[in-house]
């Protein structure tokens, strides 16, 4: 990250950044949602955004594809963007991931700023330098690791989010707490995200994003300790895939909340993770997120999805990120299939 | 550059690299020309190439586009490429530029090796980390700066090249000499590239590519002294554009040979570049490359193309890379339009 700013004065910050960079021209990428709900206010408050050429893309992960990317490159061409033009990506993860990739590759790279407008985007998609698009129906199959010139984190946009959207982002904040410290975890489990107030949440976001940053800095290319950030995600991806096949899609944030329950159970079986914390976290999830339901016959299907996960290399065990205790991570821990199956059974007993 | 090897034992070198990298799988990108003329020999001599999945793309700069790139990504998907698969790009600049970009962006980056098969590719396109494709009819509009994991430079493929193709690459070698030293320039002007022998040429290539490397290392992002490598290119691009409009395309290498004549004349007008060297180089070009012909009324058109060149920022002068003497470069030197016009007139007097 070249510059990461936490501020609820977004318009002023963008103008100051533009004053500093002195771009040849400015482009703003939004999707049709942020075009309606976020852009007008920023256009009136920020001279830079007000005078920028607006590029609007279609919302939703299904539009994070080569067609949309090609349209963004085309609009940069049409607007005579040069290597010193600036692209400001304002939106959720789709806009910031795809806009960042477009900027990194247009004329071999122009400066860009990410302004995430969702809690999930703020906590997750804007730090770590992951840019890209889906390709051939595979998520993020084409992309790059490249940091934004600036990321502006603000809670002012979140008043347009539903409780469900807030909870989606909050699952990732809790993940950062679980892999870091009991104190941070306790505070987050005691907080009611659905009735947040902007300034305290901005402070909590700062703490949470610093966690992600510290793991990313230690392992920029995602080959080792950064896998800590995958905590809960192996189960989560399997839950998402099963939900998709049942035509009842599960959001990624909810899947992570449920996946971490299963991952803590497996941590208990494999590494003796303390039951006290397992019970506290599971109660929190049941109360706020409900549960992802499956029956005992579904375990084999879930395990088959996990075996196909790209991080796996052996057919008799599955690699997981697990916790020995809150704040103590083990990455690339191979767990035998028998224990994975047992964890799924215990999950059913605990939450269903 | 992570590793740059000069060798005429290409097959063995590829196998050794594969032994070291232990890739999950190997893909080889060729165009239909290298598929016919180069690939069969490498397939029989190198175990790695023999067992690799072959991706064939259409030859020619007109196919260095998003469609071809998308096909390469698709073939990597179809072949189940993982982040530890290896892509070997064997061909001219189109294959190495586009294959490198595909590798850099597939799953956010997989290892890749470039094996240039033309003199121009060897001397120019394989060092400097420029990857990419044409977009919206603009050359290299989409791309990245990223070094190959290995570049294998060999003269063994050049027996398939025509004299014209050899001269195209040789123009860039002479450029490297002119911006470096009188001694290197003298040796190159005395050598007959069209009757080369492999081993001495490999030594000359080594010296020439080291010149490019040294400029690239000093300025990886191409913002300052690396512009030395653009010597002759502002005129060359204008000649190429005019030739294209006349439906009689001029190859880039020839355009550079002619462009450097004009650039040396302008260097004489602006920086008192010595006439002795100007005359020596001009005689060499006339003898080996002929001349690019235009009449006195064409100067305005050529100047208008140069004014639209992306490196230019002011309408009363044009920025050039010029020489004070052989081996002494000035980058970003603004020359008044009157002197640019004068240089074009003197060019006509000298070569036509």
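Chains as they are written, first to last, in the working numbering: chain C, 1 to 352; chain L, 1 to 352.
All C-beta atoms in this analysis are idealised placements derived from N, C-alpha and C, irrespective of residue type, glycine included.
DSSP state of residue 80/L mapped onto helix, strand, coil: Residue mapping note: residue 80/L aligns to position 80 of the second chain, counting from 1. Three-state result, residue 80/L: coil.
Endpoints, beta strand (DSSP E) assigned at residue 87/C: The residue you call residue 87/C lines up with position 87 of the first chain. Start and end: 86 to 91.
Beta-carbon separation (whole angstroms), residue 58/C vs residue 134/C, contact threshold 8 Å: Within the first chain, numbered from 1, the residue matching residue 58/C stands at position 58. Within the first chain, numbered from 1, the residue matching residue 134/C stands at position 134. No, residue 58/C and residue 134/C are not in contact; Cβ-Cβ is about 13 Å, not under 8 Å.
Buried or exposed (CB count within 10 angstroms, at least 16 for buried), residue 310/C: The residue you call residue 310/C lines up with position 310 of the first chain. Because the pLDDT at residue 310/C is just 48, under 50, the model does not fix this residue reliably, and the value given afterwards should be weighed accordingly. Around the Cβ of residue 310/C, a 10 Å sphere holds fewer than 16 other Cβ atoms; the residue is exposed.
Contact between the segment 225 to 235 of chain C and the segment 257 to 268 of chain C (3+ Cβ pairs under 8 Å): yes
Residue environment, residue 183/L, which counts as buried when at least 16 other CB atoms sit within 10 Å: For the purposes of this step, residue 183/L is identified with residue 183 of the second chain, where counting begins at 1. So residue 183/L counts as exposed.
Reduced DSSP category for residue 137/L - H, G, I as helix; E, B as strand; rest coil: Here residue 137/L corresponds to residue number 137 of the second chain, with the count starting at 1. Correct three-state label for residue 137/L: coil.
Entirely enclosed alpha helix (DSSP H) segments - the segment 154 to 222 of chain L, minimum 4 residues: 163 to 178, 182 to 189 and 198 to 218
The segment 64 to 73 of chain C / the segment 123 to 142 of chain C touching (three or more Cβ pairs under 8 Å): The answer is yes - the segment 123 to 142 of chain C touches the segment 64 to 73 of chain C, with three or more Cβ pairs under 8 Å.
Chain C within 8 Å of residue 276/L, Cβ atoms only: For the purposes of this step, residue 276/L is taken as residue 276 along the second chain, with counting starting at 1. Chain C has no Cβ within less than 8 Å of the Cβ of residue 276/L.
Contact residues within the segment 133 to 154 of chain C, judged by C-beta distance below 8 Å to chain L: 135, 136, 138, 140, 141, 142, 143, 144 and 145
Contacts that residue 66/C makes with chain L (C-beta to C-beta distance below 9 Å): Position 66 of the first chain, counted from the first residue, corresponds to residue 66/C. Ordered by position in chain L, the residues that pass the 9 Å Cβ test against residue 66/C are 66, 70 and 73.
8 Å Cβ cutoff, residue 109/C in contact with chain L: In the first chain, counting from the first residue as 1, residue 109/C sits at position 109. Output row for residue 109/C: interface = yes.
Residue 124/C and residue 3/C closer than 8 Å at C-beta: Numbered from its first residue, the first chain carries residue 124/C at position 124. Numbered from its first residue, the first chain carries residue 3/C at position 3. With respect to residue 3/C, residue 124/C sits apart: the two C-beta atoms are not nearer than 8 Å.
Status (buried if at least 16 other CB within 10 Å, exposed otherwise) for residue 223/L: As a working note, residue 223/L is residue 223 in the second chain. Label assigned to residue 223/L: exposed.
Three or more C-beta pairs below 8 Å linking the segment 153 to 170 of chain C and the segment 110 to 124 of chain C: yes
Where residue 303/C falls: helix, strand or coil (DSSP): For the purposes of this step, residue 303/C is identified with residue 303 of the first chain, where counting begins at 1. The DSSP-derived three-state label of residue 303/C is helix.
Continuous alpha helix (DSSP H) stretch holding residue 346/L: start and end: Locating residue 346/L in the second chain gives position 346, where the first residue counts as 1. From DSSP, the alpha helix (DSSP H) with residue 346/L extends over 337 to 351.
Bridge partners - residue 334/L, DSSP secondary structure assignment: Taking the second chain and counting its residues from 1, the one referred to as residue 334/L is at position 334. For residue 334/L, which the question treats as bridged, DSSP gives the partners 319/L.
Residues near residue 207/L in its chain [Cβ-Cβ closer than 8 Å; skip 5 each side]: In the second chain, the residue the question calls residue 207/L occupies position 207. The residues are 184.
Residue 56/L - DSSP class collapsed to helix/strand/coil: Position 56 of the second chain, counted from the start, is the residue given in the question as residue 56/L. Reduced to three states, the DSSP call for residue 56/L is strand.
Limits of the unbroken alpha helix (DSSP H) element including residue 106/L: Within the second chain, the letter at position 106 stands for residue 106/L. Segment: none, residue 106/L is in no alpha helix (DSSP H) and carries neither H nor E.
Where the alpha helix (DSSP H) through residue 33/L begins and ends: Sequence index remark: in the second chain, residue 33/L carries index 33 (1-based). Note, residue 33/L: alpha helix (DSSP H), 32 to 37.
Residue 50/C versus residue 81/C: straight-line alpha-carbon distance, rounded: In the first chain, residue 50/C corresponds to position 50, counting from 1. In the first chain, residue 81/C corresponds to position 81, counting from 1. Their Cα atoms are separated by approximately 17 Å.
Nonlocal neighbours in the same chain, by C-beta distance under 6 Å from residue 168/C, ignoring five residues either side: Here residue 168/C corresponds to residue number 168 of the first chain, with the count starting at 1. 120, 251 and 253, listed in sequence order.
Environment of residue 137/C [buried if 16+ CB atoms lie within 10 Å]: Along the first chain, read from residue 1 onward, the residue named residue 137/C stands at position 137. Exposed is the call here.
Contact residues within the segment 157 to 189 of chain C, judged by C-beta distance below 8 Å to chain L: Correct list: empty, as no residue qualifies.
Touch test, the segment 170 to 177 of chain C against the segment 105 to 119 of chain L, Cβ-Cβ under 8 Å, three pairs minimum: no
Chain L contact for residue 332/C (CB, 8 Å cutoff): Along the first chain, one-based indexing puts residue 332/C at 332. Answer no: the Cβ-Cβ gap between residue 332/C and chain L never drops below 8 Å.
Sub-8 Å separation of residue 361/L and residue 108/C beta-carbons: Any question about residue 361/L goes unanswered here, given that chain L covers just 1 to 352.
Partners in chain C for residue 105/L, counting only beta-carbon separations shorter than 7 Å: Locating residue 105/L in the second chain gives position 105, where the first residue counts as 1. Ordered by position in chain C, the residues that pass the 7 Å Cβ test against residue 105/L are 142, 143 and 144.
CB contact below 8 Å: residue 310/C versus chain L: Numbered from its first residue, the first chain carries residue 310/C at position 310. With a pLDDT of 48 at residue 310/C, under the threshold of 50, the modelled position of this residue cannot be trusted; read the value that follows with caution. At least one chain L Cβ lies under 8 Å of residue 310/C.
Alpha carbon of residue 328/L to alpha carbon of residue 143/C, nearest angstrom: Along the second chain, one-based indexing puts residue 328/L at 328. Along the first chain, one-based indexing puts residue 143/C at 143. So the two alpha carbons sit approximately 41 Å from each other.
Whole-angstrom distance between residue 14/C and residue 90/C, CA atom to CA atom: In the first chain, the residue the question calls residue 90/C occupies position 90. In the first chain, the residue the question calls residue 14/C occupies position 14. If you take the alpha carbons of residue 90/C and residue 14/C, they lie about 11 Å apart.
Whole-Å CB distance - residue 60/C paired with residue 94/C, under 8 Å assumed: Residue 60/C sits at position 60 when you count from the first residue of the first chain. Residue 94/C sits at position 94 when you count from the first residue of the first chain. Rounded, the Cβ-Cβ distance is 7 Å, consistent with contact.
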